[in-house]
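J.: In the working numbering, the protein residues as written are 136 to 425.
One structure, as structure tokens, below. Some questions next.
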């Protein structure tokens with residue numbers, strides 16, 4: 136709990152309203168324990184996210200406006216209605232609801248864990264976004280097939296390692312290129328807890344399409360569980376013309392990747408991206424605008 140309070144207090148979007156953010160935290164802790172059910176929390180503009188106790192991503196958005204302000208900020212600012220956004224490792228759909236509900240983009244959302252996928256579907260229905268979102272209960276890899284995934288780890292479920300197979304579930308997997316079926320994506324988020332290199336291996340056509348402007352990816356060395364490093368990931372992205380950056384959603388500028396940043400925005404054409412994000416509308420959050 137102390138770590139959560141420190142995160143909330145220091146979050147950039149709470150800079151002008153730290154006490155209000157702490158009050159949101161306290162209200163959630165009390166209400167989630169008393170009601171013991173799923174609660175719809177205000178999100179961006181007119182959207183909502185279902186949350187229940189233990190959903191760190193969803194509740195982080197309630198405390199801080201955007202839990203991951205850099206990555207969520209660029210998704211909001213780079214997309215336009217009708218664009219295609221790929222949400223790979225969608226979890227309960229925070230990025231999906233951002234893209235489809237707040238922006239009006241089309242989304243292909245892929246989430247492998249059935250219980251989590253059910254909440255993703257609930258969030259899509261809650262926001263009346265069925266016509267915008269193509270949701271798949273599946274995983275993504277370098278080739279179609281079946282893989283085993285961990286369960287019960289909230290936002291950090293992943294393709295099971297050898298020592299985790301006994302408690303894992305079987306999930307069908309596909310490739311990015313197969314699921315896009317030739318349709319160009321404008322932006323993509325990959326959150327697959329260390330399996331990114333395999334996902335990229337099945338995404339060559341999508342990555343080479345000039346329509347793709349930005350790829351948001353975790354770069355926290357979680358690939359080490361599969362004996363893969365983030366250096367290989369960066370090499371793959373460079374081979375497709377993308378370089379690693381971060382995004383400043385307040386200035387709407389692409390910036391050098393700060394030391395210790397755990398997520399990376401890979402961009403091919405910085406000038407083009409900055410021109411697009413500069414023209415995006417402002418979006419209303421629980422703690423201000425962005």
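Each residue gets a CB set at the ideal place from its N, CA and C atoms; glycine is no exception.
Only a predicted model underlies this, so the values are computations on that prediction, with no experimental measurement involved.
1) Do you know whose CA, among 172, 182 and 248, lies nearest residue 230's CA?
2) Cα-Cα, which of 193, 387 and 243 is closest to residue 313?
3) Using beta-carbon positions only, say whether residue 156 and residue 422 come within less than 8 Å of one another.
4) Compute the Euclidean distance between the alpha carbons of residue 178 and residue 260, then round it to the nearest angstrom.
5) So does the stretch 348-363 actually touch the stretch 312-332, counting three or more Cβ pairs closer than 8 Å?
6) Between residue 392 and residue 381, which are expected to be in contact by the criterion C-beta below 8 Å, what is the C-beta distance as a whole number of angstroms?
7) Here's the rule: buried if 16 or more other CB atoms are within 10 angstroms of the residue's CB, otherwise exposed. What is residue 247?
8) Does the separation of the CB atoms of residue 349 and residue 401 fall below 8 Å?
9) Only counting the same chain, and skipping five residues up and downstream in sequence, which positions put a Cβ closer than 7 Å to that of residue 379?
10) Keeping to the same chain, check which residues put their C-beta closer than 6 Å to that of residue 264; ignore five residues upstream and five downstream.
11) Alpha carbon to alpha carbon, how far is residue 170 from residue 414? Give it in angstroms, no decimals.
12) In the DSSP assignment, what are the bridge partners of residue 353?
13) When you compare the CB positions of residue 249 and residue 281, do they come within less than 8 Å of one another, or not?
14) Enumerate in chain order the residues of its own chain whose CB-to-CB distance from residue 310 is below 6 Å, with the five nearest sequence positions on each side excluded.
15) Apply the 10 Å Cβ neighbour rule to residue 258 and answer buried if 16 or more other Cβ atoms are within range, or exposed otherwise.
16) Is there contact here, the stretch 276-294 with the stretch 209-220, by at least three beta-carbon pairs under 8 Å?
17) What does a CB cutoff of less than 6 Å around residue 195 pick up in its chain, not counting 5 residues either side in sequence?
T.: So, from the data block:
1) Looking up residue 230 in the chain shown gives position 95. Looking at the Cα atoms, 182 is the closest of the given residues.
2) Mapped onto the chain shown, residue 313 falls at position 178. It is 243.
3) Within the chain shown, residue 156 is the residue found at index 21, counting from 1. Within the chain shown, residue 422 is the residue found at index 287, counting from 1. Yes, these two residues count as a Cβ contact at 8 Å.
4) In the chain shown, counting from the first residue as 1, residue 178 sits at position 43. In the chain shown, counting from the first residue as 1, residue 260 sits at position 125. So the two alpha carbons sit approximately 15 Å from each other.
5) The stretch 348-363 is in contact with the stretch 312-332.
6) Your numbering for residue 392 matches position 257 in the chain shown. Your numbering for residue 381 matches position 246 in the chain shown. At roughly 5 Å, the Cβ-Cβ gap stays under 8 Å, so residue 392 and residue 381 are in contact.
7) By one-based count along the chain shown, residue 247 stands at place 112. It is buried - the Cβ of residue 247 has at least 16 other Cβ atoms within 10 Å.
8) On the chain shown, residue 349 is found 214 positions in, with the first residue counted as 1. On the chain shown, residue 401 is found 266 positions in, with the first residue counted as 1. For residue 349 and residue 401, yes; Cβs fall inside 8 Å.
9) The residue given as residue 379 occupies position 244 in the chain shown. Hits under 7 Å: 369, 392, 399 and 401.
10) For the purposes of this step, residue 264 is identified with residue 129 of the chain shown, where counting begins at 1. Excluding sequence neighbours, residue 264 sits near 235 and 236.
11) Along the chain shown, one-based indexing puts residue 414 at 279. Along the chain shown, one-based indexing puts residue 170 at 35. Their Cα atoms are separated by approximately 42 Å.
12) Here residue 353 is taken as the residue at index 218 of the chain shown, counted from 1. Secondary-structure assignment with DSSP links residue 353 through a beta bridge to 398.
13) In the chain shown, counting from the first residue as 1, residue 249 sits at position 114. In the chain shown, counting from the first residue as 1, residue 281 sits at position 146. Against a cut-off of 8 Å, the Cβ pair of residue 281 and residue 249 comes out as no contact.
14) Here residue 310 is taken as the residue at index 175 of the chain shown, counted from 1. Only residues of its own chain outside the window of five on either side were considered, and among them 337 have a CB closer than 6 Å to the CB of residue 310, listed in chain order.
15) To locate residue 258, count along the chain shown from 1; it is residue 123. Burial call: buried.
16) No, the stretch 276-294 is not in contact with the stretch 209-220.
17) By 1-based counting over the chain shown, the position of residue 195 is 60. Cβ neighbours of residue 195 beyond the five flanking positions: 202.
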